[in-house]
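Heads up, the sequence shown is in the working numbering, so the first residue is 3 and it goes up one at a time. Yeah, the Cβ is synthetic: ideal placement off N, Cα and C, and Gly gets one too. Here's the structure we're looking at; comments come further down.
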Amino acid sequence: MAVLGPGGVGGLVGALLARAGHEVIFLGGPDSVRAVRERGMRVRSGMFGDFTVRAEAAGELRAPVDVCLVTVKHNVLDAAVERVSPAALGDGLVLPLLNGIEHPAALRARYRPELVVPGVIRVASSRVAPGSIVHGSSFVEIDLASASASPERLDELATLLQGAEVQAKARADEAAMLWGKLFFLAPFALLTTAHRCAIGDMRTVHRKQLIDLVAEIAELSRADGAPADVEAALRFYDAFPPEAQSSMQRDAETGLPLELDAIGGALLRIGQRHAVPMPLTERLVADLTPLSKGSAAAGSRR
Ligand SMILES: NC(=O)c1ccc[n+]([C@@H]2O[C@H](COP(=O)([O-])OP(=O)(O)OC[C@H]3O[C@@H](n4cnc5c(N)ncnc54)[C@H](OP(=O)(O)O)[C@@H]3O)[C@@H](O)[C@H]2O)c1
3 MAVLGPGGVG GLVGALLARA GHEVIFLGGP DSVRAVRERG MRVRSGMFGD
53 FTVRAEAAGE LRAPVDVCLV TVKHNVLDAA VERVSPAALG DGLVLPLLNG
103 IEHPAALRAR YRPELVVPGV IRVASSRVAP GSIVHGSSFV EIDLASASAS
153 PERLDELATL LQGAEVQAKA RADEAAMLWG KLFFLAPFAL LTTAHRCAIG
203 DMRTVHRKQL IDLVAEIAEL SRADGAPADV EAALRFYDAF PPEAQSSMQR
253 DAETGLPLEL DAIGGALLRI GQRHAVPMPL TERLVADLTP LSKGSAAAGS
303 RR
């Protein structure tokens, strides 16, 4: 199998697959390719222990694979998929684990739709250096659902991931799965980044704005055909340790590009399509846009 984007998510899941005995090839830029070829993919994890796997690495896919995980960030997706041509992929499944909601359509425009199986992942994992991953959470959970792939291939993929110690579940409804993640993530990411605060202050100091934003996004979710429970979202935020930060906020602090367009931009585009007013989201996206490309030094990591 192949992993396009050997970072926090791709490095970890790819290493778990390799540790379970699968042949894995990591596809990325020259630094990651060199690091993996020379030293393997290294993982430090409280849950799995520290381990290193030997794996292939290359700048592009040259031979078919059963599955290609897509684990880059949304802002580099177009450039990254150039490394995996539809011909090289063959009949392999494409499993994107990006946050956001628009990437499955982009992938179905490039690869045969019946090969694309979107997933959402719940994990905390970081690429601390090329080929070196620190996994901090006590869970790695992936939900899978596809409006276009066969249920048999979906189930096979879930089983394959389970065999690598990933808690994987096949779900029935792709839109509900993607919206489920975006609905919780978007308010958390936008508010903590805009106010430069952790979740504790977001749900206390900025509670009124949080409630209004969750309600605004819930209406959009419903207009797009996916259920949304405002009270459940608020309970979810209230259950987090107060110091929890969003990855968008961490990226902003580090000067890395933000997944602002994949999260806030996508909400605005869907809002326009359904004529649902999104005034709060619009203001937060406008406020965060100057940060979205990252600072020159940190943004030019590759
Ligand atoms: N990390 C988490 O805990 C977590 C949890 C849930 C969801 N997510 C989502 O998962 C997605 C991936 O996040 P991440 O944290 O894993 O990001 P990341 O650590 O920044 O990893 C992204 C990887 O993509 C590689 N890359 C960049 N441009 C590329 C290109 N043109 N071709 C091939 N590879 C390229 C980077 O390569 P280099 O290593 O060479 O720079 C890096 O290894 C995001 O949508 C994120 O929101 C992440």
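| Check | Outcome |
| --- | --- |
| According to DSSP, is serine 248 helix, strand or coil? | coil |
| Going by the beta-carbon positions, is the gap between phenylalanine 186 and methionine 49 smaller than 9 Å? | no |
| From threonine 206 to tyrosine 239, what does the alpha carbon distance come to, in whole angstroms? | 11 Å |
| Using the three-state DSSP reduction, which class does leucine 99 fall into: helix, strand or coil? | coil |
| Run through DSSP, which three-state label would leucine 293 get? | helix |
| Within its chain, find whatever has a CB closer than 6 Å to the CB of arginine 124; leave out the 5 residues flanking it on each side and keep chain order. | Glu143 |
| Pull up the CB-CB distance for alanine 230 and alanine 177, whole angstroms please, since I reckon it's below 8 Å. | The Cβ separation is near 12 Å, so there is no contact. |
| Where arginine 303 and aspartate 175 are concerned, what is the direct C-alpha to C-alpha distance, given to the nearest angstrom? | Unreliable positioning characterises arginine 303 in this predicted model, as indicated by a pLDDT of 48, which lies under 50. A coordinate reading is not provided. |
| How many angstroms separate the CA atom of alanine 191 from the CA atom of serine 248? | 5 Å |
| Rounding to the nearest angstrom, what Cα-Cα distance links histidine 208 and phenylalanine 242 in this structure? | 16 Å |
| Which of the three DSSP states, helix, strand or coil, is assigned to arginine 41? | helix |
| So does aspartate 145 have its beta carbon nearer than 8 Å to some heavy atom of ligand 1? | no |
| To which residues of the same chain is glutamate 218 closer than 7 Å at the C-beta, ignoring the five residues directly before and after it? | Met280, Leu282, Thr283 |
| Does the beta carbon of isoleucine 123 fall short of 8 Å from some heavy atom of ligand 3? | You won't find ligand 3 in this model; what it holds is ligand 1. |
| With leucine 95 and valine 119 assumed to form a contact (beta carbons below 8 Å), what rounded beta-carbon distance in angstroms separates them? | 5 Å |
| At a cut-off of 8 Å, would you count leucine 100 as near ligand 1, judging by its Cβ distance to the nearest heavy atom? | yes |
| When DSSP labels each residue in this structure, what does glutamate 255 get in the three-state scheme? | helix |
| Can you list, in chain order, the residues of its chain with a C-beta nearer than 6 Å to that of leucine 262? Leave out the 5 residues immediately preceding and following it. | Leu290, Ser294 |
| Since serine 150 and proline 98 should fall inside the 8 Å C-beta cutoff, what is the C-beta to C-beta distance between them, to a whole number of angstroms? | The Cβ separation is near 13 Å, so there is no contact. |
| With the cut-off set at 9 Å, would you say glycine 165 and aspartate 145 are in Cβ contact? | no |
| Please classify alanine 299 as buried or exposed, where buried requires at least 16 neighbouring CB atoms within 10 angstroms. | Confidence at alanine 299 is low in this model, with a pLDDT of 47, below 50, so the placement of that residue should be treated as unreliable; the coordinate-derived value is given next. Exposed, by the Cβ-count rule. |
| To which residues of the same chain is arginine 224 closer than 7 Å at the C-beta, ignoring the five residues directly before and after it? | Ala230 |
| Drop a sphere of 10 angstroms on the beta-carbon of serine 127, count the other beta-carbons inside from all chains shown, and report buried for 16 or more, exposed for fewer. | buried |
| Among Val15, Asp33, Gly42, which one has its Cα closest to the Cα of proline 132? | Asp33 |
| Does DSSP put valine 5 in a helix, a strand or coil? | strand |
| Which residues in the same chain as serine 134 place their Cβ atom closer than 6 Å to its Cβ, once the five residues preceding and following it in sequence are excluded? | Arg44 |
| Sort out for me which residues DSSP pairs lysine 75 with in a bridge. | Per DSSP, none; premise fails for lysine 75. |
| For ligand 1, is there a heavy atom less than 8 Å away from the beta-carbon of leucine 109? | no |
| Indicate the three-state DSSP secondary structure (helix, strand or coil) for serine 47 in the structure shown. | strand |
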